[in-house]
Amino acid sequence: MTRPLQLPDRPLVLDGGLGTLLEARGHDLSDPLWSARVLADEPDAVRAAHAEFFRVGADVAITASYQVGFAAFA
Numbered sequence: 431m432t433r434p435l436q437l438p439d440r441p442l443v444l445d446g447g448l449g450t451l452l453e454a455r456g457h458d459l460s461d462p463l464w465s466a467r468v469l470a471d472e473p474d475a476v477r478a479a480h481a482e483f484f485r486v487g488a489d490v491a492i493t494a495s496y497q498v499g500f501a502a503f504a
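Sequential numbering from 431 applies to the sequence shown in my numbering.
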């Protein structure tokens, strides 16, 4: 059995603004997949964005997969 996640006695900070950060770094998010297109084509760019969020204090990273689905990739 695994131990449950121990939450700190303070608010957790989520990353945020992934699409905004990717656009600011020159990525085109006009694709129907939005930031998931960058995740599929340039995963290092998404990793770098998450690393930046952690560098400035985020505790948790959310996924860039909001628009991901078979229909979107068709």
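Cβ atoms here follow ideal geometry from the backbone N, Cα and C, with glycine treated the same way.
Residue i burial status per 10 Å Cβ neighbour count (16 or more: buried)
i: residue 500; result: exposed
i: residue 451; result: buried
i: residue 478; result: exposed
The alpha helix (DSSP H) enclosing residue i, as first and last residue numbers
i: residue 495; result: Per DSSP, residue 495 belongs to no alpha helix (DSSP H) and is neither H nor E.
i: residue 482; result: 473–485
i: residue 449; result: 448–454
Span separating the alpha-carbon of residue i from that of residue j
i: residue 489; j: residue 482; result: 12 Å
i: residue 445; j: residue 486; result: 9 Å
i: residue 467; j: residue 491; result: 18 Å
i: residue 475; j: residue 439; result: 32 Å
i: residue 462; j: residue 497; result: 8 Å
Assigned secondary structure, residue i (DSSP; H/G/I helix, E/B strand, else coil)
i: residue 442; result: coil
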